[in-house]
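Line by line, the protein sequences are chains V and X. In short: position in the first sequence from 1, add 42, done, that's our numbering. In short: position in the second sequence from 1, add 25, done, that's our numbering. All residues carry an ideal CB built from backbone N, CA and C; glycine is no exception. All values reported here derive from a predicted model rather than from experimental measurement. Notes follow the structure.
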Amino acid sequence: MLEVRGLTAGYGSVQVIHGLDLTVETGETVTLLGPNGAGKSTLMGAITGTIRRRGGRVAFEGTDLSGLDSHKIVDAGLRLVPEGRLIFGPFTVRDNLRLGALKLHRGDGRSVEERFEYVYDLFPRLKERSGQLAGTLSGGEQQMLAIGRALMSSPRVLLLDEPFLGLAPMVVQEIRSALEALQELGLTILLVEQKLDIALAVARRAYVLIKGQVVLESSTEDMAKMDNLNTLYFDLAEESAA
Amino acid sequence: MADLLELLVSATASGCVYGLIALAYLLVLRPTGVINFASGEWAMMGAYAAYVISDAGGLPPILAIPAAALVLAIIGWLTEWLTVRPLVERGAGHLAPILALLGMLVIYHQVVLLSFSEDQYPLDGPFGFGRIEFGLLAGSYQDFFIVGATIAIFIGFWLFFERTVWGRSFEAVAINRRAAALMGINLRMVTALSFAGAAAIAATAGVLDSPRGSVEANMSLPLAVQGFSALIIGGINRVEGALLGGIVLAFAEDLTRRYAPIPSGLALGVTPVLLITFLLVLPNGILRAKEAK
């Protein structure tokens, strides 16, 4: 469904992603793991068109997304919940969600009202706070809003960039169960994570990214059995340097 | 007392003109971060456009206003397309578009000077010349027309930004460009429309102001300075700040000119003094953002 081939990307004279390959099949949840600075967020930016690609190909259901503007990529059904959430603080929760639906393709029972209901069902707390300014929400609620906002356009692939970062365990649990509900509905998810425990429990397949390159691809089941999980990034970095 | 009340009406009208220029700055500044000092030239070009349209084209003054606004909207759109966009897409720094627009300012000015003689041209207001009195409040037709038209424009923009999903999209770009792009907002389109809209508003200000004086090339610089000062005084965070800043500035100017025991030439210093004072003491202007992020 989503196919990345030989992607290179970076900022200015610094190349961050070096010829990266990655595939996500319809309906599966894939996790992209890696330490700080591995290039995970850069990769997300490059796939969604907010960071310019230097080379390689991003194909989504057979259509080539390389070179398309970010708004066309959203239109194609690929949506990113960015690191740091990037909600519109001075807007109400409702207005944030409404903007999320700008690229909703209406029809087939989809309407803005239907999407509001869908998101409010998934995160009832957003409904309670719909008139509140988004900047005054707690971190967990802001994360729910960021995810809900992305779901407003009924995307076919959801990219999540470290959605659990800095959240209390209770809230992590709440967002995890929401993701599980989305998985059951058949949504395709690419989850970027640094922490192995959550990622391995949520996803079926994993890629490990070190210094802008995929150094390991494995089922999460096999990975969970590895005995060097605690030092995995370190070991893989050593290996790739050798 | 009657003297003061008459001054109130004309100062409010001047404030409205400054407020509209400040709005033109704001429309470009909020979504793009670019300060466009050519806003004053756009006002002047709008006034010339209205003069040509009503003088040569024979259109009545009331229709010359939207016609001039449309002409300038096209010029604003072209300006963005030809000078700002190529720089941004080649990854130029933040200052480059501002400098490019300063260059355009000079070009605009010289083109107008070369196309018209240095004369002053008269422009009729839609209601001609005359005075009305509402009890103690008295002013020219044009003064009252300026105030009414400006209030209507500001209400329109306020409703657009606060109440429509398109307006919210523009605001979203102002808050965070990357987040806006991730919503599927077309940043290029927003930028192009901001320039077109700003040029149209600046033109409207120029056309509204001209019947109180005349259409001339030298009207652009004072308007650019006063509009920018109004913007700083009112604050760049909210649309209504532009109007408030314009009114405050116009009252400071007119009251000083009328009542301060200083030579009238010195009264010209009011605008820069207020500008510097606000930049030093209240750099965010009178109106704060709704919520500090």
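C-beta neighbour in chain V for residue i, strict 8 Å
i         : result
Met208(X) : yes
Asn309(X) : no
Ser194(X) : yes
Arg203(X) : yes
Ile200(X) : yes
Ala197(X) : yes
Asn211(X) : yes
Lys318(X) : At Lys318(X), the pLDDT of 41 sits below 50, so the modelled position is not reliable and the matter cannot be decided from this model.
Interface flag, residue i vs chain X, CB-CB below 8 Å
i         : result
Gly81(V)  : no
Thr84(V)  : no
Phe130(V) : yes
Ser180(V) : no
Phe102(V) : no
Asp203(V) : no
Thr92(V)  : yes
Gly61(V)  : no
Phe276(V) : no
Ser196(V) : no
Phe133(V) : yes
Member of the options whose CA lies at the smallest distance from the CA of residue i
i         : options                                    : result
Leu138(X) : Ala267(X), Gly252(X), Leu280(X), Asn243(X) : Asn243(X)
Cys41(X)  : Asn201(X), Leu88(X), Gly231(X), Pro147(X)  : Gly231(X)
Thr175(X) : Val198(X), Val190(X), Thr229(X)            : Thr229(X)
Ile123(X) : Ile311(X), Val59(X), Leu52(X)              : Val59(X)
Leu269(X) : Leu32(X), Thr37(X), Asp28(X), Thr108(X)    : Thr37(X)
Ser194(X) : Gly69(V), Leu144(V), Ala88(V)              : Leu144(V)
Leu293(X) : Gly82(X), Leu161(X), Leu248(X), Arg115(X)  : Leu248(X)
Arg188(X) : Glu281(V), Phe133(V), Pro166(V), Arg171(V) : Phe133(V)
Ala88(V)  : Val257(V), Arg47(V), Ser261(V)             : Arg47(V)
Gln167(X) : Phe303(X), Ser140(X), Arg313(X), Ser39(X)  : Ser39(X)
Asn78(V)  : Ser261(V), Thr68(V), Gln236(V)             : Gln236(V)
Leu17(X)  : Leu29(X), Ala197(X), Pro286(X)             : Summary: the structure shown does not reach residue 17(X), with chain X confined to residues 26 through 318, and so no result is reported for it.
Phe141(X) : Val240(X), Val34(X), Glu31(X)              : Val240(X)
Leu62(V)  : Met86(V), Thr68(V), Ser55(V), Ser196(V)    : Met86(V)
Tyr73(X)  : Asp234(X), Glu105(X), Gly252(X)            : Asp234(X)
Trp183(X) : Tyr284(X), Gly266(X), Ala81(X)             : Gly266(X)
Asn309(X) : Ala275(X), Ala255(X), Gly290(X)            : Ala255(X)
Leu48(X)  : Val34(X), Ala68(X), Leu32(X)               : Ala68(X)
Leu194(V) : Val123(V), Glu170(V), Arg171(V)            : For the record, residue 194(V) in the displayed sequence is Met; it is not Leu. That would be Val123(V), whose Cα lies nearest to the Cα of Met194(V).
Ala217(X) : Pro85(X), Ile100(X), Arg115(X), Phe186(X)  : Ile100(X)
Arg156(X) : Ile257(X), Phe170(X), Gly192(X)            : Phe170(X)
Anticipated Cβ contact below 8 Å, residue i with residue j, distance rounded
i         : j         : result
Gly142(V) : Ile115(V) : Gly142(V) to Ile115(V), Cβ: 15 Å. No contact.
Thr50(V)  : Ile59(V)  : 6 Å
Leu202(V) : Ile231(V) : 7 Å
Ala75(X)  : Leu120(X) : With a Cβ gap of about 33 Å, Ala75(X) and Leu120(X) do not count as contacting.
Ile200(X) : Gly259(X) : Contact flag wrong, Cβ pair sits at about 19 Å.
Val135(V) : Leu168(V) : 6 Å
Arg157(V) : Leu146(V) : 6 Å
Arg218(V) : Val244(V) : 7 Å
Ile252(V) : Ala80(V)  : 6 Å
Val199(V) : Val66(V)  : 7 Å
Ser260(V) : Ala279(V) : Not a contact, Cβ separation roughly 17 Å.
Asp277(V) : Asn270(V) : 5 Å
Quick one: which residues of the segment 138-172 of chain V get their C-beta closer than 7 Å to a C-beta of chain X? List them in chain order. Those would be Arg140, Leu141, Gly142, Leu144, Lys145, in chain order.
Check whether the segment 92-107 of chain X touches the segment 220-228 of chain X, counting contact only when three or more Cβ pairs, one atom from each stretch, lie closer than 8 Å. yes
For the structure I just gave you, are there three or more beta carbon pairs, one from the segment 122-129 of chain V and one from the segment 204-218 of chain X, closer than 8 Å? Three or more Cβ pairs drawn from the segment 122-129 of chain V and the segment 204-218 of chain X lie within less than 8 Å of each other, which places the two stretches in contact.
Does the segment 202-210 of chain V touch the segment 184-191 of chain V, meaning 3 or more C-beta pairs lie closer than 8 Å? A contact exists between the segment 184-191 of chain V and the segment 202-210 of chain V.
Cβ pair count under 8 Å reaching 3, the segment 98-114 of chain V against the segment 156-173 of chain V: In short, these stretches do not touch, since the Cβ pair count stays below three.
If you measure beta-carbon to beta-carbon, which residues of the segment 97-124 of chain V are closer than 8 Å to chain X? From the segment 97-124 of chain V, only Asp111, Ser112, His113, Val116, Asp117, Arg121, Leu122, Pro124 have a Cβ closer than 8 Å to chain X.
Contact between the segment 55-73 of chain X and the segment 281-300 of chain X (3+ Cβ pairs under 8 Å): No, because fewer than three Cβ pairs between the segment 55-73 of chain X and the segment 281-300 of chain X fall closer than 8 Å, the two stretches do not touch.
Could you check whether the segment 247-257 of chain V touches the segment 215-227 of chain V, counting it as contact only if at least three pairs of C-beta atoms, one from each stretch, sit closer than 8 Å? no
May I ask you to list, following chain order, the residues of the segment 166-197 of chain X that have a beta carbon less than 7 Å from some beta carbon of chain V? Of all residues in the segment 166-197 of chain X, only Val190, Arg193, Ser194, Ala197 come within less than 7 Å of chain V when Cβ atoms are compared, listed by chain position.
Is there contact between the segment 51-58 of chain X and the segment 271-287 of chain X, where contact requires at least three CB pairs shorter than 8 Å? no
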